[in-house]
Amino acid sequence: MKYDLKKNNQVPEGKIDKKWNNHKSILKLISPNNRSNFDIIIIGSGLSGGSAAASLSELGYKVKVFCYQDSPRRAHSVAAQGGINASKNYKGDNDSIYQLFHDTIKGGDYRSREANVYRLSEISSNIIDQCVAQGVPFARDYAGYLETRSFGGTKVARTFYAKGQTGQQLLLGCYSAICRQIGKGKIKMYNRHEMLDLVLVEGVARGIIARNLVSGKLEKHSAHAVVIASGGYGNVFFLSTNAMGANASCIWKVHKKGGLFANPCYTQIHPTCIPIHGEYQSKLTLMSESLRNDGRIWVPKKLEDANFIRNGIKKPENINEENRDYYLERRYPSFGNLVPRDVASRAAKERCDKGFGIENNENGEGVFLDFNSSIEKYGEEKANELGINNPSLEKKRQLGKEVIESKYGNLFHMYEKITEKNPYETPMKIYPAVHYTMGGLWVDYNLMSNIPGCFVIGEANFSDHGSNRLGASALMQGLADGYFILPYTIANYLAKYVTYKNENFSIKNVEFNKSESFVKNKIKRLIQNNGKKSVDFFHKKLGNIMWKYVGMSRNHTGLSKSINKIQELRNEFWNNVFVPGDVEDGLNTELEKAGRVADFLELGELMAMDALNRKESCGCHFREEYKTKEGEALRNDLHYKYVSAWEYQENKFISDEIMHKEYLDFNFVKLESRSYK
Amino acid sequence: MKELLNFKLKIWRQKNNQDKGYFKTYKVNNISPNSSFLEMLDILNNQILFDNKESTISFDHDCREGICGMCSLYINGRAHGPDNLVTTCQLYMRNFHNGETIYVEPWRAKPFPIIKDLIVDRSSFDRIIISGGFISVNTFGKTIDGNIIPIPKEKADKAFDAATCIGCGACVAACKNRSAMLFVSAKISQFSFLPQGRIERKKRVFNMISKMDEEGFGSCSNTKACEVECPKGISTEYITFVNKEYISSFT
Chain L
1 MKYDLKKNNQ VPEGKIDKKW NNHKSILKLI SPNNRSNFDI IIIGSGLSGG SAAASLSELG
61 YKVKVFCYQD SPRRAHSVAA QGGINASKNY KGDNDSIYQL FHDTIKGGDY RSREANVYRL
121 SEISSNIIDQ CVAQGVPFAR DYAGYLETRS FGGTKVARTF YAKGQTGQQL LLGCYSAICR
181 QIGKGKIKMY NRHEMLDLVL VEGVARGIIA RNLVSGKLEK HSAHAVVIAS GGYGNVFFLS
241 TNAMGANASC IWKVHKKGGL FANPCYTQIH PTCIPIHGEY QSKLTLMSES LRNDGRIWVP
301 KKLEDANFIR NGIKKPENIN EENRDYYLER RYPSFGNLVP RDVASRAAKE RCDKGFGIEN
361 NENGEGVFLD FNSSIEKYGE EKANELGINN PSLEKKRQLG KEVIESKYGN LFHMYEKITE
421 KNPYETPMKI YPAVHYTMGG LWVDYNLMSN IPGCFVIGEA NFSDHGSNRL GASALMQGLA
481 DGYFILPYTI ANYLAKYVTY KNENFSIKNV EFNKSESFVK NKIKRLIQNN GKKSVDFFHK
541 KLGNIMWKYV GMSRNHTGLS KSINKIQELR NEFWNNVFVP GDVEDGLNTE LEKAGRVADF
601 LELGELMAMD ALNRKESCGC HFREEYKTKE GEALRNDLHY KYVSAWEYQE NKFISDEIMH
661 KEYLDFNFVK LESRSYK
Chain E
1 MKELLNFKLK IWRQKNNQDK GYFKTYKVNN ISPNSSFLEM LDILNNQILF DNKESTISFD
61 HDCREGICGM CSLYINGRAH GPDNLVTTCQ LYMRNFHNGE TIYVEPWRAK PFPIIKDLIV
121 DRSSFDRIII SGGFISVNTF GKTIDGNIIP IPKEKADKAF DAATCIGCGA CVAACKNRSA
181 MLFVSAKISQ FSFLPQGRIE RKKRVFNMIS KMDEEGFGSC SNTKACEVEC PKGISTEYIT
241 FVNKEYISSF T
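Chains as they are written, first to last, in the numbering used here: chain L, 1 to 677; chain E, 1 to 251.
Pasting the structure below:
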């Protein structure tokens, strides 16, 4: 089938600032007394799924929510640290909807859909108001008003935050709203459940097969619409900042049922993670981007100093100012440490590749994030405020540390616990790591995938961030989709079914049995395989291939090699993986992992294929063959200004997938090469 | 390179809620002091995996950065182990001595029934929130501008400190009475300090405390073990505050 995605994307005509309003005015409605006749399934209980669940049940729909954790409060949105953007211009620094829109489009390197991004910017202020009303304890200034800070890729302070726990507080806001609806009986919560297949009836999404992870039983659930809010697929790299259980299975099942997978190669590498320090490591920990407001990033200027630091002969404090290379400030004077994540990540890699890395690990990968000058600067300001004349350096540092602690206390605490080093005294060591995936299932302006009745929101879809996500905009998108967009657009879809009653909506439909036996067979095959290697063995191996060839920078040879390697590894997995237990057993964490890794082994290949196809460097996708003389990314708008959307061919290999293109228009921002100089 | 460590582990194994549990002894060797406690268990599980005689040890974990609240474990008689202000996933093996015997148990409390091995069911916490741990605002539609309700910074900070609770259940596990007062009081306090939450405060405190009792949590007798073991350092001051709130909810 050939899709004309541009025709099908449902983007309304008209001026950019009128599109959403005009569109809303023509969307069909469902009257309140009919809404309770509709069942909606939501997969995932993070910011997008949680907010959608709360809003939809508030409106009167019957909602079932599924999550693999033991409570919806544990979704990985909880771990987001820094903040959430909104163009409120409270600080009077000339922020506006247009500025936020422009920054996001530019930050995404002109690979996102203009209309979606404008809508996101428009809605952003509502989100803050909504969350405040729910009791989310955002930071306040002494006058009692909302406080903001700035994040990478912007020149205004538009990020609202709650210390380093913004994601947690926003998620708990959602969670409390979900709980309120559970209490009213309008949401049914399925904890410790995992979706293992999407059920289509006559080509339309009508339900799911889920596995109860405690009992091990397969369950059938039918609904009038299925909403996928299962997050991103960064765990394909094994080591990432994602939660250990975060997986791609849900979106991958939709893909294999016909859902187009858009821009799979866009993986954001976050510049400020704690460097890897051992082979046993299971997880990487992020240090919020907000730290870059006050931390200055540097490596030694001289190779020998870097060597001394790695070997513990010199300490960072022993390197004086002239011998430090604040490379971001040097290369990007107008944004400095606040350049976007892809730019900061590549700059760190460039220094470490040249031998200036400071961490004593395999590849010497690490740079310093130094708070010393901020501590002194804040100390001096505080001393002035308190009327202390000529404070000693010690006094200044003490006061400065208190200011830093009030801003980032929990992050500093976390860093110290992990590394045994006190970041108030000595600079943090950081290095880029896999964080967020901008690719995902293709959706139209209504957030519906190309499978009717299957909606996709939050990180699971592809639409708003282009090839790079600016800081503090993931939380914004999750909540905008769930609280303010989906509730309108889903009604438009459901309206036609108000008077539509037949067994297609019931789990009695034969398609449910077919799906169930498909899932059962897959589980059986994994368990009865009796191989010699653990699931983690394959996952780590896949992760190595992905990081090496499909990571921070890619080239033709590496990508082609990775495709072969992934195929070989996948074959070996199906021949040699060992999953303990019996099919009828209950809780089996090895089985859970095995299913997820099986899907990663397919998705990884598609990511490499997509990266190979995109012969340009844009945002997080850096192809070594396409760069400027200064080593900056070189985009190719003439040939690659499109969304690549891949279609799985039933019963064929991943390598047989067909790519469709949605060409992108930029009518309201001028296409420019992205410069942060 | 620091020296590698060896441990003897006594781990609680229990097939399911009906079955009887028991301690089983394991040995793990050559563990890096920089491994987290859960990474050490991963290594042990990898040993057990090919043993064929038994299933791997089940334990709860997810974010592994101390914020999702999913991990638990009662280690050497302490909730989340011997370090302070950390969850189990943030506990590192450098906190243990070479050759040490480490006891690993699940949270032990009637309202947290065991599911398997070290995994317990904490949905009683969800049910307490369902009984009233929210502000009854519509999540859909228009609301007033966030800055129309200024909140004094001190109040906002206090509400924030209460809101840092991750719902891990360490407070219950640490309490000799299995009281959930620290968790419940943190949730109640957050909303009581904020102007948005005050309208429903009486109903909220009454419902949540009643639900807590109904779920079978014990009473608070002010031993403050919860505060000591709380990975987020939540203060028992909130319990005092909520006791006052509870009494005034009758009037």
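Using N, Cα and C, we set each Cβ at its ideal position, and we do this for glycine too.
- Interface residue (Cβ-Cβ distance to chain E less than 8 Å): L:GLY183 is classified as such.
- Taking a Cβ-Cβ cut-off of 9 Å, the neighbours of L:LYS163 in chain E comprise PHE160 and THR164, given in sequence order.
- Neighbours of L:CYS179 in chain E, taken as residues at a C-beta separation under 8 Å, are given in chain order as ASP126, ILE129, ILE130, GLY133 and PHE134.
- At a beta-carbon threshold of 7 Å, none of the residues of chain L lie near E:SER192; the nearest stands roughly 10 Å away.
- By the C-beta density criterion, L:LEU303 is exposed, having fewer than 16 other C-beta atoms within 10 angstroms.
- The bridge partners DSSP lists for E:PHE140 come to none.
- Taking L:GLU602 as the centre and dropping the five residues before and after it, the same chain places the C-beta of ILE654 closer than 6 Å to its C-beta, in chain order.
- Three or more beta-carbon pairs drawn from the stretch 158 to 178 of chain E and the stretch 213 to 223 of chain E are found closer than 8 Å, and the two stretches are therefore classed as touching.
- Contact annotation, L:ALA53 with L:ILE187: C-beta distance approximately 6 Å; criterion of less than 8 Å satisfied.
- In this structure L:GLU657 is buried. Its beta-carbon is surrounded by 16 or more other beta-carbon atoms within 10 angstroms.
- Around E:ASN16, the beta-carbon contacts reaching into chain L at under 8 Å are GLY586.
- In the three-state scheme derived from DSSP, where H, G and I count as helix and E and B as strand, L:VAL201 is classed as strand.
- Neighbours of L:THR437 across chain E, judged by C-beta separation under 8 Å, do not exist; the nearest C-beta is about 17 Å away.
- In the structure shown, E:CYS175 adopts coil according to DSSP, grouped into three states.
- Look at the stretch 461 to 481 of chain L: it has no residue with a C-beta under 7 Å from a C-beta of chain E.
- With 16 or more other CB atoms across the displayed protein chains lying within 10 angstroms of its CB, L:GLU616 is buried.
- Residue environment analysis places E:PHE250 among the exposed positions, since fewer than 16 neighbouring C-beta atoms fall within 10 angstroms of its C-beta.
- Between the beta-carbon of L:CYS265 and that of L:HIS621 there is about 6 Å, and that keeps the pair under the 8 Å contact cut.
- Around the beta carbon of L:TYR408, 16 or more other beta carbons sit within 10 angstroms, so the residue counts as buried.
- At a cut-off of 8 Å between beta-carbon atoms, L:ARG211 makes no contact with chain E.
- A Cβ of chain E is located within less than 8 Å of the beta carbon of L:TYR483.
- Beta-bridge pairing by DSSP links L:HIS621 to L:CYS618.
- Here the alpha carbons of E:ASN46 and E:ILE31 stand approximately 13 Å from one another.
- In this structure, the CA atom of E:ASP62 is about 12 Å from the CA atom of L:ASN247.
- Fully enclosed beta strand (DSSP E) runs of no fewer than 3 residues occupy 218 to 222 and 225 to 228 of the stretch 217 to 267 of chain L, in order along the chain.
- Annotation: Cβ neighbours of E:ASP145 in chain L (cutoff 9 Å, chain order): LYS88, SER125, ILE128, ASP129 and VAL132.
- Following the DSSP letters along the chain, one finds L:ASP665 in no beta strand (DSSP E), marked with neither H nor E.
- Here the alpha carbon of E:ILE57 sits roughly 11 Å from the alpha carbon of E:VAL104.
- Contact check for L:ARG119 and L:LEU664: beta-carbon distance about 16 Å, past the 8 Å limit, so the pair fails to qualify.
- Within the stretch 257 to 284 of chain L, the residues whose Cβ lies closer than 8 Å to any Cβ of chain E are, in chain order, HIS277, GLY278, TYR280, GLN281, SER282 and LYS283.
- C-alpha of L:ASN513 to C-alpha of E:GLU3: approximately 56 Å in a straight line.
- In summary, L:ARG330 is exposed, with fewer than 16 beta-carbon neighbours lying within 10 Å of its beta-carbon over all protein chains present.
- When Cβ-Cβ separations below 8 Å define contact, L:LYS417 makes contact with chain E.
- A straight line joining the alpha-carbon of L:PRO333 with that of L:ALA348 spans about 16 Å.
- For L:ALA262 against L:GLY439, the beta-carbon gap comes to about 6 Å, under 8 Å, which counts as contact.
- Under the three-state reduction of DSSP, L:LYS62 is assigned to strand.
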